[in-house]
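Here the protein sequences line up with chains A and B, keeping their order.
The first sequence begins at -4 in the working numbering and counts up by one.
The second sequence begins at 1072 in the working numbering and counts up by one.
Note that beta-carbon positions come from the ideal geometry of N, C-alpha and C, so glycine has one too.
Fair warning: this is a prediction, and the values are worked out from it, not measured in the lab.
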Amino acid sequence: MKLKFFATYREITRCNEEDIPVPHDVWELLTSLGERYGAAIRVKLFTPDGGKISDDAIILVNGRNILHLKGKDTPLDEADAVSIFPMVAGG
Amino acid sequence: MNAWVGTILRVDLAAKTVVKEPLNIKDAHDYVGARGLGTKYFCDEVDPKVEPLSAGNKLIYMTGPLTGTAATSGGRFEVVAKSPLTGTIGAANSGGYFGPELKYAGYDGIIFENASESPVYLYIKDDVVELRDASALWGKSVFETTDLLKEECGSSFKISCIGVPAENGCLFSGVLNDKHRAAGRGGLGAVMGSKKLKAVAVRGTGAVTVARPEKFLDALTNARKTLKAHPVGGSGLAALGTQVLVNIINESGALPTRNWRDGAYFPEANETGGESLAEKYLVKNKGCFACSIDCARVTRVPDGPFKSSGEGPEYEAGWAYGADCGVSDLAAICKANFLCNEHGIDPITMGATIACAMELYEMGAIPESDIGFPLRFGDPHAIVKLTEAVGRFEGFGKILALGSYRLAEKYGHPELSMSVKKQEMPAYDGRAIQGMALEYATSNRGACHVRGYLTSPEILGVPIKVDPFVTEGKAGLLKLFQDLTALIDSTGICLFTTFGLGLQEIAAQYREAVGTDETDDEILLKGERVWNLEKHFNIAAGVEKDTLPPRLLREKLPGGPAAGKVAELYVMLDEYYKVRGWDSDGVPTPEKNVELGIDA
């Protein structure tokens, strides 16, 4: 499965894009990222109590925001691409 | 005087007279300022059928009540005229330092009437206001003009001016100030050029006072804290600039590619995004007057064929020269954007017009002999060469200077102009973001992203997240965003403050500055009044109906998350007219006019 980091997530992970083994769902993916990259990424991905995905994290699965899929329970498979952004804006 | 300085300059360019008249304070109350008040003056004084490049059109500079105060990003002013590109009301605002300086000189706005026979500029130093000969400036770029006027008038003067394309009637030439800040869209520079008005140079040593200073300080302190704490308004925009949008819009399958012909996913987008810009070419951030966001980029391409330096590109410009032209060379995109500032042209329309020409060339509709070289998608040298051609107003550049609609019409394919009311759509595909489709179709100045900006809730989740594929509810949401952006533009603060602030914080600053006890809803109603006034002007001017290019309505997106979708405009448009209180043809009803106090 393809995993892509953008904006400030690139500074934390030092990675733009990588292929990873398929997690069961989005929550499992984000939890594994928290273990791998530590507190620097956990504070951006999760609420302070660690129980929810932060409102400031934008997670897309194949271009669709998980808020319009099944949220943290959105299932993942080999052909999927997950993109992770901080809250950004412009125009 | 309650955030205003109380005087409007009325300049007759034919008679060479300058009259100082009192600000119409009732209209300032009803239409807020800047965009709203400038439009009110304009609509009261100008025949909607006026030919935009004739002497009968007027050109208005108007500040807002918060311009020049300590309000969050309170440095903006509006330029208003009938647009020669669209035939609609033309209103474009700009940041930098010019607007506050005008108020410090003692003037809330300037109304330019008629046309001069020879080039002139307006000199303002506090009470001294005079038209001066600008023959030596005619034919000079924005940068040259700014430098020469600072040399002549003094380095502390703030300069607003036009470049060579505007002198020659380029329909997307802007009015630039502080070199890099632009009232960019709609070709208002061409109106200024048609009046032989090259520039305004202003220096003011006065001040702006607010009605309730202590409460104003409380309101702005609260607003600044709220903005600073927001992940976007606080540090996000400063870190990576507006170009950071490239990747999220592309990953969402909404980045229009190759004149919107090849869908809305550009595989090389990452090479052109804010991350790459910061890594390769960013020198430092820069902010406008009283701004804590600092979104502007000072950038430099240090070597290679596109060696250059300047500011930007911003997201829309980066897209127009990038994905829309199929170009992935960020150095070329930077240089083309720098040229737009130097020559005073709108990079959105410029890039989109080149993209349209590329499609027309590739399908054989434009002969190579007209252009002078093969014009294929993806050619980084072409975007620079053609921007230079428009900047010097020579060769094929003279045709491109009319914008994509007139270009595509000339070569027999007007349907390939990706424009609404002849103004090019910016960088969000309405097939993948349905609310943006409705926004483009209903914008009062032709296609525009800052007349509402539904991308914010549909993609970015600010202030709430809604599904970009859904049409239900978008009409009501768009009306709210349109009214709010009309209000914000009219106050004189920057729209980007809404990446952190809401109506509550903005209305509080306005209330204490002007000394009113109106509620938030009563203040928001003024934004709706502005929107409806603009609509009335457009109807009287005979502007075409609200629609989209056939490509968006009929050609399905070929891939990405929105594969198979078209813009479902007509599902949303009827509901939009209803929530606006307009009839089924999009005309405000008598009841709505009474509610808003508009004489129609």
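Inset, instruction - Below 6 Å CB to CB, which residues in the same chain sit around Glu1188(B) once its five sequence neighbours on both sides are set aside? - result: none
Legend entry - One or two residues paired with Ala1205(B) in a DSSP bridge: DSSP output for Ala1205(B) lists no bridge partner at all.
Inset, instruction - With 7 Å as the C-beta to C-beta threshold (strictly closer), list the residues of the stretch 45 to 58 of chain A near chain B in chain order. - result: Listed by position, the residues of the stretch 45 to 58 of chain A near chain B (Cβ gap below 7 Å) are Asp51, Ile53, Leu55, Asn57, Gly58.
Legend entry - Asn1330(B) vs Ala1426(B) beta-carbon contact at 8 Å: Using a Cβ distance threshold of 8 Å, Asn1330(B) and Ala1426(B) count as a contacting pair.
Inset, instruction - Answer yes or no: does any C-beta atom of chain B fall closer than 8 Å to that of Phe41(A)? - result: Taking a beta-carbon distance threshold of 8 Å, Phe41(A) does not count as an interface residue toward chain B.
Inset, instruction - Taking all protein chains shown into account, decide if Cys10(A) is buried (16 or more other Cβ within 10 angstroms of its Cβ) or exposed. - result: exposed
Inset, instruction - Would you list the one or two residues that DSSP bridges to Ile53(A)? - result: Bridge partners of Ile53(A): Phe80(A).
Inset, instruction - Using a cut-off of 9 Å between C-beta atoms, extract the partners of Leu1316(B) located in chain A. - result: Val83, Ala84, Gly85, Gly86
Inset, instruction - Find out if the Cβ-Cβ distance for the pair Leu1628(B), Ala1634(B) is shorter than 8 Å. - result: yes
Inset, instruction - Return the first residue and the last residue of the alpha helix (DSSP H) that Arg1295(B) is part of. - result: 1284 to 1300
Inset, instruction - Note down, in chain order, all residues in the stretch 5 to 28 of chain A with a beta-carbon under 8 Å from any beta-carbon belonging to chain B. - result: Flagged, chain order: Arg5, Asn11.
Inset, instruction - Assign Trp1075(B) to one of three DSSP states: helix, strand, or coil. - result: coil
Inset, instruction - Identify whether Gly1383(B) lies in helix, strand or coil by the three-state DSSP scheme. - result: coil
Legend entry - Any C-beta of chain A under 8 Å from that of His1484(B): no
Inset, instruction - With Ala1367(B) as the anchor, note down where its beta strand (DSSP E) starts and where it stops. - result: 1367 to 1372
Inset, instruction - May I ask which residues mark the beginning and end of the alpha helix (DSSP H) holding Val1461(B)? - result: If you look at Val1461(B), you'll find it in the alpha helix (DSSP H) that goes 1451 to 1462.
Inset, instruction - Taking C-beta pairs closer than 9 Å, name the residues in chain B that Leu64(A) reaches, listed in chain order. - result: Neighbours of Leu64(A) on chain B: none; closest Cβ ~10 Å, over 9 Å.
Inset, instruction - With DSSP as the reference, please indicate the residues paired to Tyr1194(B) in a beta bridge. - result: Glu1201(B), Ala1272(B)
Inset, instruction - Within its chain, find whatever has a CB closer than 7 Å to the CB of Gly1586(B); leave out the 5 residues flanking it on each side and keep chain order. - result: Cβ-Cβ distances below 7 Å link Gly1586(B) to Asn1073, Ala1282, Arg1283 in the same chain, with the five nearest sequence neighbours on each side left out; the list follows chain order.
Inset, instruction - Flag Ala1340(B) as yes if its beta-carbon sits less than 8 Å from any beta-carbon of chain A, otherwise no. - result: For Ala1340(B), the nearest beta carbon of chain A is not closer than 8 Å to its own beta carbon.
Legend entry - Whether Leu24(A) touches Ile36(A) by CB criterion (8 Å): no
Legend entry - Contacts around Val1614(B), its chain only, beta-carbon distance under 7 Å, and the 5 residues preceding and following it disregarded: Within the same chain, Val1614(B) has close Cβ partners Gly1158, Thr1159, Lys1492.
Inset, instruction - May I ask you to report which of helix, strand or coil DSSP gives Thr1618(B)? - result: coil
Inset, instruction - Report the neighbours of Val1521(B) on chain A: residues whose CB is nearer than 7 Å to its CB, in chain order. - result: Near Val1521(B) (Cβ distances below 7 Å), the residues of chain A are Gly86.
Legend entry - C-beta contact flag for Thr1328(B) and Ser1399(B) at 8 Å: Going by beta carbons, Thr1328(B) and Ser1399(B) fall outside the 8 Å limit.
Inset, instruction - With 8 Å as the threshold, decide whether the Cβ of Ala74(A) is near any Cβ in chain B. - result: no
Legend entry - Cross-strand partners of Pro1045(B) (DSSP beta bridge): Here chain B covers residues 1072 to 1671 and nothing more, so residue 1045(B) does not appear.
Inset, instruction - Report the partner residues of Asp14(A) according to the DSSP bridge assignment. - result: Lys(-3)(A)
Legend entry - Close Cβ partners of Ala1142(B) (< 6 Å) along its chain, the five nearest in sequence each way excluded: Leu1291, Ile1564, Gln1580
Inset, instruction - Please name the residue or residues paired with Leu1130(B) in a DSSP beta bridge. - result: Paired residues: Phe1183(B).
Legend entry - Beta-carbon spacing of Phe1228(B), Lys1221(B) below 8 Å: yes
Legend entry - Beta-bridge partners of Asn1318(B), as assigned by DSSP: Paired residue(s): none; Asn1318(B) is not in a bridge.
Inset, instruction - Look up Glu1543(B) in the DSSP assignment and say whether it is helix, strand or coil. - result: Here Glu1543(B) sits in coil by DSSP.
Legend entry - Where Ala34(A) meets chain B, residues with beta-carbon distance less than 8 Å: Within chain B, no C-beta atom comes less than 8 Å from the C-beta of Ala34(A); the nearest is roughly 17 Å away.
Legend entry - Same chain only: Cβ atoms within 8 Å of Asp1441(B), ignoring 5 sequence neighbours per side: Phe1467, Ile1470
Legend entry - N-terminal and C-terminal residue of the beta strand (DSSP E) that Val1089(B) is part of: 1088 to 1093
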